[in-house]
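Using our numbering, you'd call the opening residue of the sequence shown number 67 and step up by one each time. Heads up, the beta-carbon is just placed ideally off N, CA and C, and yes, glycines get one too. All values derive from a computational prediction rather than experimental measurement. What follows is one structure encoded as structure tokens, with my remarks underneath.
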Amino acid sequence: MPTVQEDLVEYGFRRAIITITAVLCALLEIVDTTIVNVALNNMRGSLGATLTDVAWVITAYAIANVIVIPMTSWLSQQFGRRNYFAASIIIFTVASFMCGNADNIWELVAFRFIQGLGGGALLVTAQTIITESYPIEKRGMAQAIYGMGVIVGPTLGPPLGGYLVDHFSWPYIFYINIPIGIIATLLTLTFVRSPKYGEKLKANQVDWLGIILLSSFIGSLQYVLEHGQQDDWFNDDTITGLSILSGFGLFFFIWRQLTYKHPIVNLKVLNDSNLRVGVIMSFIMGFGLYGSTFIIPIYTQSILGWTATDAGLLLIPSSLTVAFMMPMIGKLIQRGIPQTYMVALGFLAFFIFTYWMHNMMTPDTGEEHLYWPLIVRGIGLGLLFVPITTLSLSTLKGKGIGEGAAFTGMMRQLGGSFGIAIITTYLARLGQEHRVNLIAHLDPTRTMVQNKIHGLQRTFMAKGFSPDIALQKAYKVLDYGVTKQSTVLSYMDVFLYLGILFLLCIPFILLIKKNKKAPVIPEGLH
């Protein structure tokens, strides 16, 4: 008898349409996580919001995302995958329209939360649909195609958002989702099929307590990661309280899922050794992917003075490199090249990228200096995403594929959240530390320092300022230079620490293969 996953394999035109639909939806969701970053100032001005208020536009979407991702497999089983996927697209599309029409900041935040609930489902369900639509021997290529959407998405958001904001207005970053959402819904209802999961749960069998515990754990954790640095971490009562709530939520959620007859998240799927390794590697990959996507535009805009559009466009060559590499990596996996070797090589490439960035960052670095390091970043991401995803899902079958995809998706998102939170904290604290050290070297009695101050003073006096005001402006220029240099030094440190993290992962990945049994790869992948 054919298995469930063999029943879902598609061929020819149907598979092409299903693949395009799934990748389109994944791309739509990922782009929306970063597209709003460049529009926050415009939103703040038109809606009369503070910077703290407008930050919730990002936070609400992220919290909804990570809450719904672990539940996607369970929800697919309850409503049927095709119906759930189509409903998620509709929710995402309608919420996008409502976001564009929001009259105040809190309406926008509420609609972004609803948009995140629909979007989180798109990401994981799209991966499951693509995986099951391809025969086992072509799973590597399937993950390569899916990976193009996931990896390219975060880098497409800023330049696309910058263009729409500069040439139209901020609501259009949401309106652009509407035609794509309508097309994706029609294609889903026409072509996507649902596996037969068996009997659905009754209302009184649904693990409502598990849903509450999951929401409290993930939602609180995401808030802490998003707002920890700006609220001074555990010196703030809200951050401390939510951290405690997140810890208790995690403990009781695990207990509930292991003891309840109908859990919403099947933790037993983690008994699969390949998935356990893949979950850890997905977290680290998310750390590097979202962390580097976050830090590079900030550096280019705040230090080099680039526009938001130019900062976003800088990441395009890296994205094109990933898109170029994905099919090649898929073919290498089909030919039997061990995924662990590719992952180790990917971590090495990421180390080279971060170390290169560390060495050439200055207050005056040009675009030509950033181009090749970002190409190496693209190579590293290409070598990481497909092998990690294929390895994670390679020994899972049936509904286990959806459950495994949910875990890897959630850990990739959480890895990104942890990465951004840690990077933000280190940038602030290392910047202060470097500033103190630099000021200590600015001894006013030294001839070189005196000459610099007098030179600046004369420059301002030549522009018509009095000697006293010119001296004050000279000190301000010197202070600005110290702040700028200390910030650059903090960026350099962060890249160095990121590189060390990825370098330390290489022996760990290789030892997994050496000391434990080699990951069981389906026959078709050998």
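Contacts around residue i, its chain only, beta-carbon distance under 7 Å, and the 5 residues preceding and following it disregarded
i       : result
Ile-418 : Val-442
Thr-490 : Gln-295
Ile-62  : There is simply no residue 62 to check, as the chain begins at 67 and stops at 592 in what is shown.
His-233 : none
Cys-91  : Ile-155, Leu-188, Ala-192 and Ala-250
Lys-539 : Phe-526 and Phe-531
Own chain partners of residue i with C-beta closer than 6 Å, once the 5 adjacent residues on each side are dropped
i       : result
Leu-564 : Thr-420
Glu-292 : Thr-125
Gln-193 : Tyr-212 and Ala-471
Gly-219 : Leu-93, Ile-96 and Val-97
Arg-81  : Ser-199
Val-586 : Confidence is the limiting factor: at Val-586 the pLDDT is only 41, short of 50, which leaves the residue's position unreliable, though a coordinate-based value still follows. Thr-461.
Thr-34  : No answer is possible for residue 34: it lies beyond the span of the chain, which begins at 67 and ends at 592.
Trp-236 : Ala-105, Asn-108 and Met-109
Phe-179 : Ala-126 and Ala-130
Thr-191 : Thr-138 and Phe-151
Leu-341 : Ser-458 and Gly-470
Phe-318 : Leu-279
Inter-residue Cα distance where the pair is residue i and residue j
i       : j       : result
Ile-519 : Leu-381 : 39 Å
Ile-84  : Leu-449 : 25 Å
Leu-280 : Ile-310 : 14 Å
Gly-352 : Met-514 : 46 Å
Thr-461 : Asp-338 : 8 Å
Ser-385 : Phe-561 : 19 Å
Ser-282 : Ser-312 : 6 Å
Leu-480 : Val-290 : 12 Å
Val-345 : Phe-473 : 7 Å
Arg-478 : Asp-119 : 26 Å
Leu-496 : Thr-251 : 47 Å
Asp-169 : Leu-113 : 7 Å
Ala-121 : Leu-106 : 8 Å
Leu-324 : Ile-330 : 10 Å
Lys-583 : Ile-196 : A caution first: Lys-583 carries a pLDDT of 42, below 50, which makes its placement in the model too unreliable to give a value.
Phe-416 : Phe-568 : 7 Å
Glu-434 : Ala-377 : 13 Å
Ser-358 : Met-476 : 19 Å
Ile-486 : Leu-493 : 10 Å
Ile-535 : Arg-110 : 35 Å
Thr-306 : Ile-488 : 17 Å
Val-134 : Tyr-546 : 44 Å
Phe-360 : Ser-162 : 23 Å
Thr-304 : Phe-158 : 30 Å
Phe-79  : Ile-86  : 11 Å
Ser-368 : Gly-482 : 22 Å
Gln-143 : Ile-248 : 24 Å
Val-548 : Tyr-541 : 11 Å
Met-392 : Ile-454 : 13 Å
His-592 : Thr-375 : At His-592 the pLDDT is 33, less than 50, meaning the model places this residue with poor confidence; the figure from the coordinates comes in the next sentence. Cα to Cα, the separation comes out at about 44 Å.
Trp-140 : Lys-327 : 13 Å
Beta carbon of residue i nearer than 9 Å to that of residue j
i       : j       : result
Met-527 : Val-388 : no
Val-335 : Glu-469 : yes
Asn-243 : Leu-94  : yes
Lys-550 : Pro-363 : no
Tyr-127 : Gly-182 : yes
Ile-320 : Leu-308 : no
Met-408 : Tyr-365 : no
Gly-446 : Phe-413 : yes
Ala-88  : Val-452 : no
Thr-431 : Leu-379 : no
Leu-188 : Val-216 : no
Ile-284 : Ile-129 : yes
Met-423 : Leu-436 : yes
Val-102 : Gly-206 : no
Leu-647 : Gln-405 : There is no way to answer for residue 647, as the model of the chain reaches only from 67 to 592.
Gly-396 : Ala-208 : yes
Val-132 : Gly-186 : yes
Nonlocal neighbours in the same chain, by C-beta distance under 8 Å from residue i, ignoring five residues either side
i       : result
Arg-148 : Thr-254, Leu-255, Val-258, Arg-259 and Ser-260
Thr-544 : The sequence shown places Leu at residue 544, rather than the Thr named in the question. Same-chain partners within the cutoff: Leu-508, Lys-518, Ile-519 and Leu-522.
Cys-165 : Leu-174, Phe-177, Arg-178, Gln-181, Pro-237 and Phe-240
Pro-533 : Gln-523 and Met-527
Within-9 Å CB hit, residue i to chain D
i       : result
Val-190 : No chain D appears in this structure, which consists of one protein chain only.
Write down every uninterrupted run of the alpha helix (DSSP H) in the stretch 349-397 whose length is 4 residues or greater and which is fully enclosed by it, in chain order.
374-379
Which runs of the beta strand (DSSP E) at least 3 residues long sit entirely within the stretch 461-523? Give them in chain order.
none
What alpha helix (DSSP H) runs, 4 residues minimum, are completely inside the stretch 159-241?
171-199, 205-233 and 238-241
Go through the stretch 301-327 residue by residue and report every complete run of the beta strand (DSSP E) that reaches 3 residues or more, in order.
Those beta strand (DSSP E) runs which fall completely within the stretch 301-327 and span 3+ residues do not exist here.
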